[in-house]
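Trainee: So for the sequence shown, our numbering puts the first residue at 634; every next one is plus one. Here it is, the structure in full.
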Amino acid sequence: MGHLRVIKTLLVAGVALFAGLVSYNNIVDYGSNYAFVEHVLTMDTTFEGNQLKSRAIESTFLHNLFYWLIIASEGLVSLLCLLGAINMLKTLTQDKAQFNQAKKLANIGLFVGIILWFTGFMTIGAEWFLMWQSPIWNGQEGAFRFIVILFLTLGFINQYEDASN
């Protein structure tokens with residue numbers, strides 16, 4: 634069993650734990666991050682006289698719907714990465730082809746996370762709803778950190794495996 638396989642498996646498990654905690658925290662302390670979603674969608678802290686404020690969504694129903702989609706996506710990332718890590722763990726001592734096949738759910742989970750934080754937060758939140766203009770409700774830094782971690786993990790777990798790994 635190669636040490637890099639163990640590292641890859643533990644990194645995926647770490648992402649599963651992270652996304653699971655984020656999802657859990659958003660459910661248990663619903664109001665904290667709901668306020669974030671509400672302010673981003675209503676665009677109430679963007680620059681004065683903003684010409685794009687017609688994009689704002691004022692519906693409480695839609696705020697809750699978008700927030701639950703975020704929470705569900707975080708939970709899905711966690712579940713897929715957890716199952717991926719378990720599959721990887723089961724194939725640690727098997728050949729390259731079996732270990733690579735075991736990464737499938739982890740790859741999908743990492744991809745879903747990238748879509749969530751890149752497309753959801755950086756593209757839709759920051760650019761469509763102009764979250765970047767808010768001094769208070771700006772989640773770009775956090776989203777960027779998550780995206781980088783997910784991309785690096787995705788790249789690392791799919792590195793070529795030679796005989797010494």
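Note that beta-carbon positions come from the ideal geometry of N, C-alpha and C, so glycine has one too.
According to DSSP, simplified to helix, strand and coil, what is residue 671?
Mentor: helix
Trainee: Expressed to the nearest angstrom, what Euclidean distance is found between the alpha-carbon atoms of residue 766 and residue 689?
Mentor: 14 Å
Trainee: Distance check for residue 659 and residue 792, CA to CA, integer angstroms please.
Mentor: Computed Cα separation, rounded: 33 Å.
Trainee: Looking at C-beta atoms only, is the number of pairs between the segment 738-755 and the segment 767-783 that lie closer than 8 Å three or more?
Mentor: yes
Trainee: Below 8 Å on the Cβ atoms is my guess for residue 714 versus residue 648; work out the distance and round it to an integer in Å.
Mentor: 5 Å
Trainee: Alpha carbon to alpha carbon, how far is residue 664 from residue 788?
Mentor: Just so you know, the alpha carbons of residue 664 and residue 788 end up roughly 35 Å apart.
Trainee: Have a look at residue 772 and residue 757 and give me their C-alpha separation to the nearest angstrom.
Mentor: 12 Å
Trainee: How is residue 692 classed by DSSP in three states: helix, strand or coil?
Mentor: coil
Trainee: Roughly how many angstroms lie between the CA atoms of residue 675 and residue 735, to the nearest whole one?
Mentor: 42 Å
Trainee: May I ask which residues mark the beginning and end of the alpha helix (DSSP H) holding residue 731?
Mentor: 729-735
Trainee: Taking only three categories from DSSP, how would you classify residue 770?
Mentor: coil
Trainee: Tell me, to the nearest whole angstrom, how far the beta carbon of residue 709 is from that of residue 738; I am working on the premise that it is less than 8 Å.
Mentor: Not quite, the Cβ-Cβ distance comes to about 11 Å (not below 8 Å), so this is no contact.
Trainee: To the nearest angstrom, how far is it from the Cα of residue 678 to the Cα of residue 636?
Mentor: 49 Å
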